[in-house]
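Those protein sequences? They're chains A and B, same order as listed.
Residue 1414 in our numbering is what sits at position 55 of the first sequence, and the numbering runs on without skipping anything.
Residue 205 in our numbering is what sits at position 54 of the second sequence, and the numbering runs on without skipping anything.
The structure appears right after this line, and notes come after that.
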Amino acid sequence: MTTNYTVTDKGLGYARPHKMGNRLWGVTFAMAIMAFPVALVLAFVRAATVADASGPADIEDAARLGHLIAAFGFIGFGAVFASISFAIARILGRFRKGGGEVQEAAGGKVHTLRMPVTAKVLIAFMAMGMMAIFGAVALHFVAAAAVGTWSLESVARWAEVLEAVRRLGVALYLFGIAIGLGAVITVVRFQTVRLGQLTR
Amino acid sequence: MTTRFDALTRPKTGDDPSAPSRLRPIGFGAAAIGVLAVVIALVANVAAANSATETGATFAWSFGLTVLGFGTVKLAIGLILVGILTQIWHRAASVEDACARLRPHVEAPLPRGTVQTEFGECTETATAPGPLPIHRMARTMWFPMLAMGYMLVVVGFVLSLVWAGKVDDGTQQAAQAWTQGVQFLGEGLLLAGISFLLGSILAALRESGGRVQESLGLPVRTLKMPKTAKLFVGFMALGLMVSMVQLVLYAVAAAVGDPQSFAAWSAWLGPFREVGLGLLLAGVVLALVTIGNVLAFQFARVREIIATGK
């Protein structure tokens, strides 16, 4: 902990992941807010189709809508988890920039914690979670477009496997968020110790 | 009750601020167990999807196990947030000491009432303002929400085993509905617990910031509740309501006898419950954004105190 930092005359400001967090949390938040209602509206249409289903065309429509609902719902989840990860990166950036500026104001050397392993793990798990969720979303659109060409059994199998992949994506994202919050503990502890050193 | 739960988030007298948080590795371990549960369910699901035999039972228990895994990771996130809260109080003591020693000693100005800053409108008062009702609520509610939420997720997992046992004779509808309703209410409560912990972090930042300024004899500058914080409360309340309503609707669906009607109910209840979770998660985003803004405000204030003494 005591050696894992850089010493400079001026604060280092935001690093690239922090800048990304500042820029992208709002975009991904807006995506999430738009995607969930689309999934819900499609779900009501599908429920009406299922309730009145009387032939193969209705069953095909329900299968197609099922894939589209999952796709839009998980655009929402993928986006909101991305937004949470970006917001955590933003908090880590605030600590780095603000901590540097306070040390500068105190007139001493600026100690800046190097990116903790936990912050790197956050980025890695966020990327894996994003790939799993958005990969599954893309394949849901493929399956929805293939209804009528593929057998209904194949379409249903795809739905089952993609559901499992989506769930794994959510688990990876959640794990990354837990680790990212662990990085916040590391940063706050580093700053607490550094502030104590400034007064000695 | 509030005091007891609040005490869990505050360092004990004599605690070493430079010591690593004990909750951090516990949280990481619990999160890894949660992910492991989801991976086991994933393998079972994929194997079942590629199997020629009946797969309904596997999907039933793997659903329950997956949500139990998600719940475990969310509980782990809650534990880590408690660790952050404890560390924030250590940081406050350090900031107070640093400001007292480093600031130039000049006469403090009088409080001006309301001040406009680059971070938004602030109040300036002679003493630190007390906690807002929402902060008191957050400090009281985070623990019961996490505890009840995790219990419901576990109960839902047991129900998923009942669901799996009924697949063969085709009488699984009620167990399926109750599993989904109970587990997603549990998930909703866990996210509400996390939201209340984030609210407690905001409360801790506000209280500790006020205390530091008051102890230095300076006007206490406090950021007024930002719009993102108000929206956070709104999203959380709405998400929690949807999570409760979906349980009632699943209870209604459990009583529907006709399989086609049940399929129609299930078709929209799944996305409906996901909207509830989406709203709670959106609230979490806004809480984190608010924390980021409050931190920027506090760093600017500390810098100002050290540089100008007022």
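The beta carbon of each residue, even a glycine, is placed where N, CA and C say it ideally should be.
Everything numeric in this text was worked out from a predicted model, so none of it was measured.
Give the straight-line distance between the Cα atoms of residue i and residue j, rounded to the nearest whole angstrom.
| i | j | result |
| --- | --- | --- |
| residue 1436 of chain A | residue 307 of chain B | 22 Å |
| residue 162 of chain B | residue 1452 of chain A | 25 Å |
| residue 1531 of chain A | residue 341 of chain B | 18 Å |
| residue 371 of chain B | residue 190 of chain B | 51 Å |
| residue 168 of chain B | residue 242 of chain B | 8 Å |
| residue 369 of chain B | residue 255 of chain B | 12 Å |
| residue 266 of chain B | residue 280 of chain B | 15 Å |
| residue 1439 of chain A | residue 434 of chain B | 10 Å |
| residue 1454 of chain A | residue 420 of chain B | 42 Å |
| residue 429 of chain B | residue 1467 of chain A | 45 Å |
| residue 232 of chain B | residue 175 of chain B | 9 Å |
| residue 1433 of chain A | residue 1496 of chain A | 7 Å |
| residue 1389 of chain A | residue 439 of chain B | 15 Å |
| residue 424 of chain B | residue 1553 of chain A | 46 Å |
| residue 357 of chain B | residue 1449 of chain A | 19 Å |
| residue 248 of chain B | residue 1470 of chain A | 18 Å |
| residue 261 of chain B | residue 251 of chain B | 19 Å |
| residue 159 of chain B | residue 298 of chain B | 14 Å |
| residue 188 of chain B | residue 177 of chain B | 17 Å |
| residue 1494 of chain A | residue 1416 of chain A | 28 Å |
| residue 444 of chain B | residue 1431 of chain A | 31 Å |
| residue 455 of chain B | residue 1555 of chain A | 18 Å |
| residue 390 of chain B | residue 239 of chain B | 28 Å |
| residue 1397 of chain A | residue 1426 of chain A | 13 Å |
| residue 361 of chain B | residue 1463 of chain A | 23 Å |
| residue 1547 of chain A | residue 1472 of chain A | 10 Å |
| residue 1447 of chain A | residue 441 of chain B | 11 Å |
| residue 1360 of chain A | residue 170 of chain B | Low confidence applies here, because residue 1360 of chain A scores a pLDDT of 46, under 50, leaving its location unreliable and the question unanswered by this model. |
| residue 448 of chain B | residue 1461 of chain A | 12 Å |
| residue 1407 of chain A | residue 272 of chain B | 50 Å |
So that I know if they touch, is there some Cβ in chain A lying closer than 8 Å to that of residue i?
| i | result |
| --- | --- |
| residue 419 of chain B | yes |
| residue 245 of chain B | yes |
| residue 241 of chain B | yes |
| residue 231 of chain B | yes |
| residue 374 of chain B | no |
| residue 422 of chain B | yes |
| residue 185 of chain B | yes |
| residue 377 of chain B | no |
| residue 452 of chain B | no |
| residue 294 of chain B | no |
| residue 334 of chain B | no |
| residue 290 of chain B | no |
| residue 327 of chain B | no |
| residue 175 of chain B | yes |
| residue 310 of chain B | no |
| residue 249 of chain B | yes |
Nearest by alpha-carbon distance to residue i: which of the options is it?
| i | options | result |
| --- | --- | --- |
| residue 305 of chain B | B:214, B:247, B:234 and B:431 | B:214 |
| residue 374 of chain B | B:354, B:366, B:386 and B:368 | B:354 |
| residue 462 of chain B | B:295, B:327, B:282 and B:173 | In the structure as shown, chain B begins at 152 and stops at 461. Residue 462 of chain B is therefore absent and cannot be evaluated. |
| residue 208 of chain B | B:224, B:315, B:414 and B:192 | B:315 |
| residue 446 of chain B | B:377, B:399, B:391 and B:317 | B:377 |
| residue 288 of chain B | B:448, B:384, B:244 and B:441 | B:384 |
| residue 1428 of chain A | A:1500, A:1558 and A:1508 | A:1500 |
| residue 1479 of chain A | A:1461, A:1463 and A:1543 | A:1543 |
| residue 1549 of chain A | A:1526, A:1503, A:1475 and A:1527 | A:1475 |
| residue 157 of chain B | B:310, B:365, B:390 and B:294 | B:294 |
| residue 1383 of chain A | A:1443, A:1405 and A:1473 | A:1443 |
| residue 1489 of chain A | A:1456, A:1526 and A:1374 | A:1526 |
| residue 1520 of chain A | A:1507, A:1491 and A:1372 | A:1491 |
| residue 197 of chain B | A:1557, A:1522, A:1558 and A:1551 | A:1522 |
Using beta carbons (cut-off 8 Å, strictly below), is residue i in contact with chain B?
| i | result |
| --- | --- |
| residue 1512 of chain A | no |
| residue 1457 of chain A | yes |
| residue 1486 of chain A | no |
| residue 1498 of chain A | no |
| residue 1540 of chain A | yes |
| residue 1442 of chain A | yes |
| residue 1555 of chain A | yes |
Going by DSSP, name the residue or residues bridged to residue i.
| i | result |
| --- | --- |
| residue 1469 of chain A | A:1367 |
| residue 373 of chain B | B:274 |
| residue 265 of chain B | B:274 |
I want to see whether chain C comes within less than 8 Å of residue i, judged by CB atoms only; does it?
| i | result |
| --- | --- |
| residue 1509 of chain A | Of the protein chains in this structure, namely A and B, none is chain C. |
Between the stretch 409-416 of chain B and the stretch 348-356 of chain B, can you find at least three pairs of beta-carbon atoms closer than 8 Å?
no
Pairing CB atoms from the stretch 1480-1493 of chain A with CB atoms from the stretch 1519-1535 of chain A, are three or more of them under 8 Å?
yes
Indicate whether the contact test is met: 3 or more Cβ pairs, each with one atom in the stretch 216-231 of chain B and one in the stretch 173-182 of chain B, closer than 8 Å.
yes
Report yes or no: do the stretch 386-406 of chain B and the stretch 1410-1430 of chain A share at least 3 C-beta pairs separated by less than 8 Å?
no
The stretch 269-280 of chain B touching the stretch 384-395 of chain B, judged by at least three CB pairs closer than 8 Å
no
Between the stretch 315-322 of chain B and the stretch 1535-1547 of chain A, can you find at least three pairs of beta-carbon atoms closer than 8 Å?
no
Would you call the stretch 1502-1519 of chain A and the stretch 1416-1431 of chain A in contact, with 3 or more CB pairs under 8 Å?
yes
Quick test of the definition: if touching needs 3 or more C-beta pairs under 8 Å, does the stretch 1366-1380 of chain A touch the stretch 1391-1409 of chain A?
no
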